[in-house]
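All remarks here apply to the structure that follows.
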Amino acid sequence: MTTPRQIQFAEIDLNAIADFEGRVVAFVGLDGQLDLSARRVNRLTKNMLKRFAASETFEKMKPGEAHDLSYPVGLKATAVQVIKLKRRATQDEARKAGASIAKASQGAALLVLAGTIVKAAEVSLGLALRCYDFSDHRSSENQQLGAVTIMVSKPEEIAAQSGPMAALTEGVFFTRDLVNEPANILTTDDFAARLAAMQEIGLDVEILEEDELEKLGMGSLLCVGQGSRSPSKVVVMQWHGGPKGEAPLALVGKGVVFDTGGISLKPAAGMEDMTMDMGGAGVVSGVMRALALRGAKANVVGLVGLVENMPDGNATRPGDVVKSMKGDTIEVINTDAEGRLVLCDVMWYAQERFKPSGMIDLATLTGAVIIGLGHENAGVFSNDNKFCNAFLKAAEIEGEGAWRLPLGQAYDDQLKSRIADMKNVGGRPAGSITAAQFLKRFVKDETPWIHLDIAGVASVTSETALAPKGATGWGVLALDRMIRNLHES
Ligand code: BES
Ligand code: MN
Ligand code: ZN
Numbered sequence: 005m006t007t008p009r010q011i012q013f014a015e016i017d018l019n020a021i022a023d024f025e026g027r028v029v030a031f032v033g034l035d036g037q038l039d040l041s042a043r044r045v046n047r048l049t050k051n052m053l054k055r056f057a058a059s060e061t062f063e064k065m066k067p068g069e070a071h072d073l074s075y076p077v078g079l080k081a082t083a084v085q086v087i088k089l090k091r092r093a094t095q096d097e098a099r100k101a102g103a104s105i106a107k108a109s110q111g112a113a114l115l116v117l118a119g120t121i122v123k124a125a126e127v128s129l130g131l132a133l134r135c136y137d138f139s140d141h142r143s144s145e146n147q148q149l150g151a152v153t154i155m156v157s158k159p160e161e162i163a164a165q166s167g168p169m170a171a172l173t174e175g176v177f178f179t180r181d182l183v184n185e186p187a188n189i190l191t192t193d194d195f196a197a198r199l200a201a202m203q204e205i206g207l208d209v210e211i212l213e214e215d216e217l218e219k220l221g222m223g224s225l226l227c228v229g230q231g232s233r234s235p236s237k238v239v240v241m242q243w244h245g246g247p248k249g250e251a252p253l254a255l256v257g258k259g260v261v262f263d264t265g266g267i268s269l270k271p272a273a274g275m276e277d278m279t280m281d282m283g284g285a286g287v288v289s290g291v292m293r294a295l296a297l298r299g300a301k302a303n304v305v306g307l308v309g310l311v312e313n314m315p316d317g318n319a320t321r322p323g324d325v326v327k328s329m330k331g332d333t334i335e336v337i338n339t340d341a342e343g344r345l346v347l348c349d350v351m352w353y354a355q356e357r358f359k360p361s362g363m364i365d366l367a368t369l370t371g372a373v374i375i376g377l378g379h380e381n382a383g384v385f386s387n388d389n390k391f392c393n394a395f396l397k398a399a400e401i402e403g404e405g406a407w408r409l410p411l412g413q414a415y416d417d418q419l420k421s422r423i424a425d426m427k428n429v430g431g432r433p434a435g436s437i438t439a440a441q442f443l444k445r446f447v448k449d450e451t452p453w454i455h456l457d458i459a460g461v462a463s464v465t466s467e468t469a470l471a472p473k474g475a476t477g478w479g480v481l482a483l484d485r486m487i488r489n490l491h492e493s
């Protein structure tokens with residue numbers, strides 16, 4: 005497991021600056037103003053910062069951008085990283101500044117002179133999130149990371165703001181680790197064991213095995229995993245931080261630990277990316293971890309359907325008809341449209357058992373959402389404007405792209421089957437919408453519901469603002485923010 009880098013806040017100690025041997029980070033205002041500690045650096049370096057602040061290079065830098073001044077005379081530091089940032093930076097600018105510190109640091113010890121930066125805690129969050137590195141499987145890499153000290157004028161206050169953010173970083177790292185982990189290691193058993201271990205931090209965790217799922221009538225979910233050696237499971241994680249007896253918010257995740265497509269086999273090229281097909285379950289797990297670690301005052305239940313979609317002599321065939329827990333029958337036209345088959349049973353179970361105040365499902369559900377929205381936005385679908393807007397607002401504040409797409413009867417009509425209640429694919433047009441329409445058939449009228457298709461955002465091939473290549477952890481921050489807004493304020 006990747007553990008976040010240790011970050012501590014300290015009082016401004018001007019005497020410590022000259023002798024610090026790692027990298028020093030100084031903030032310079034947009035018009036070149038220097039605060040107390042930056043002035044100290046300037047004096048020690050014989051006017052280096054002021055000269056830099058007057059340079060054309062500095063003038064051309066965008067707010068939040070960084071520039072290294074290497075081996076400064078007068079300091080023991082290997083470099084002074086200058087970041088152009090105003091004292092009252094926005095949350096986004098502060099996080100991005102933190103990310104640029106992390107990116108340049110390469111693991112070196114850091115002394116960040118954030119004295120008067122108002123959102124210093126956000127700088128530390130950006131720094132922490134961008135320090136992520138999935139190096140578990142590189143035998144050469146056993147890098148000792150240097151300590152990070154952030155000097156601020158009110159260390160206790162900033163540390164208090166930073167506490168819940170550290171829980172978020174842990175949640176995001178948990179999600180990223182799950183999503184990055186290859187499928188021979190993150191089997192359904194291993195995934196469930198990692199979730200069961202979260203009992204230690206106060207979550208109630210239950211694992212429903214195949215025999216119980218059969219008793220519950222989850223014929224749709226079970227048909228997906230029946231070609232795999234790994235047993236299918238549903239894991240239920242409960243967090244009781246809110247008022248006793250208050251209906252929980254339900255988070256439901258698609259946890260296909262590997263998606264070969266099944267008998268409707270995917271092409272070989274790029275199939276290795278399907279290790280991330282448990283991304284929805286990964287986000288649900290990361291949110292639950294963050295809620296527990298920060299002691300959220302809300303009732304939330306996370307449910308994940310863990311299966312592996314493999315071709316086999318026992319695998320589901322195209323044309324097979326299965327029966328869902330709800331009782332509706334499904335004609336499996338394409339075994340590669342497996343995510344909806346998993347989700348529909350877990351969603352039905354979540355509503356039957358918990359009568360949630362709202363339900364949000366997350367899934368790397370369709371390639372079509374990548375065609376429509378690329379890697380910038382998740383597809384958002386909902387039956388409830390107010391609930392949906394609460395999510396969209398939270399996502400915007402957290403800088404996690406999300407864009408609502410329509411639902412409608414005409415799309416639902418594409419799911420009509422000749423022999424069963426529905427088929428599992430609606431054809432090529434509007435593939436993400438017909439997938440959402442399929443799920444909607446398993447949402448009760450009284451349940452406010454959001455479906456998030458995260459196929460494009462869960463894992464990416466080029467780095468994002470706060471994450472290196474690979475798993476992003478998209479959604480953990482937004483969902484945590486939404487829960488805080490709806491249930492904790
Ligand atoms: N897991 C895939 C969707 C996916 C594609 C996720 C690319 C991430 C990147 C899903 O199970 C799938 O195979 N969907 C099919 C549906 C089709 C058969 C109706 C798809 O999108 O092609
Ligand atoms: Mn598939
Ligand atoms: Zn899939």
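Note that the numbering used here has the sequence shown beginning at 5, numbered continuously upward.
We put the beta carbon where it would ideally sit given N, CA and C, even for glycine.
- Within the model, the alpha-carbon separation for Pro235 versus Leu114 is close to 46 angstroms.
- In the DSSP annotation of this structure, the continuous segment of the alpha helix (DSSP H) that includes Met486 starts and ends at Val480 to His491.
- For Asp332, the three-state secondary structure derived from DSSP is coil.
- Rounded to whole angstroms, the separation of the alpha carbons of Asp17 and Val287 is 40 angstroms.
- Secondary structure of Arg408 (DSSP, three-state): strand.
- A distance below 8 angstroms between beta-carbons, with the five flanking residues on each side excluded, links Lys327 to the following residues of its chain, in chain order: Gly221, Gly223, Ser224, Thr333 and Ile334.
- With 5 angstroms as the limit, the residues whose C-beta approaches any heavy atom of ligand 1 more closely are Asp263, Asp281, Asn338, Asp340, Ala341, Gly343, Thr368, Thr370, Gly371, Val429 and Ala459, in sequence along the chain.
- Secondary structure of Asp140 (DSSP, three-state): coil.
- Ile121 sits close to Arg91, with the two beta carbons spaced by under 8 angstroms.
- Taken in chain order, the complete beta strand (DSSP E) segments of 3 residues or longer contained in the segment 92-164 are 114-117 and 152-156.
- DSSP places Asp263 in the uninterrupted beta strand (DSSP E) bounded by Leu253 to Asp263.
- DSSP, read as helix, strand or coil, puts Ile364 in strand.
- Here the C-alpha atom of Thr82 lies approximately 10 angstroms from the C-alpha atom of Ala112.
- If you compare the alpha carbons of Ala440, Met65, Asp349 and Ser166 with that of Leu297, the shortest gap goes to Ser166.
- Check the Cα spacing between Gly259 and each of Val228, Leu483, Phe138 and Lys427: the tightest is with Val228.
- With respect to the 8 angstroms criterion, Glu342 and Gly266 are classified as neighbours on the basis of their beta carbons.
- The closest heavy atom of ligand 3 lies less than 7 angstroms from the beta carbon of Val260.
- A distance below 8 angstroms separates the beta carbons of Asn387 and Lys444.
- Of the other Cβ atoms in all chains shown, 16 or more fall within 10 Å of the Cβ of Glu97; this residue is therefore buried.
- Of Val461, Arg47 and Pro67, the smallest CA-CA separation from Met282 is found for Val461.
- Residue environment analysis places Met278 among the buried positions, since at least 16 neighbouring C-beta atoms fall within 10 angstroms of its C-beta.
- Here Gln230 has Asn318, Ala319 and Thr320 as same chain residues with Cβ atoms under 7 angstroms from its own Cβ, once five neighbours each way along the sequence are excluded.
- Burial is judged here by how many other beta carbons sit within 10 angstroms of a residue's own beta carbon; Met5 has fewer than 16 and is exposed.
- With 16 or more other Cβ atoms from the protein chains shown falling within 10 Å of its own Cβ, Gln355 counts as buried.
- Proximity of the segment 295-314 to the segment 243-257 meets the contact definition, three or more beta-carbon pairs being nearer than 8 angstroms.
- Asn313 has its Cβ nearer than 7 angstroms to a heavy atom of ligand 2.
- If you draw a straight line from the Cα of His141 to the Cα of Arg9, it is about 19 angstroms long.
- Relative to the non-hydrogen atoms of ligand 2, the Cβ of Gly317 never comes closer than 7 angstroms to any of them.
- The DSSP-derived three-state label of Asp349 is helix.
- In the DSSP assignment, Phe31 falls within the beta strand (DSSP E) that extends over Arg27 to Val32.
- In the three-state DSSP reduction, Asn313 falls in the strand class (E or B).
- Closer than 7 angstroms to some heavy atom of ligand 2: that does not describe the Cβ of Gly257.
- Put simply, the backbone Cα of Thr368 is about 53 angstroms away from that of Leu48.
- Shortest Cα-Cα distance from Thr476 to any of Ser109, Ser157 and Phe178 involves Phe178.
- Phe195 sits away from Cys348, with the two beta carbons spaced by 8 angstroms or more.
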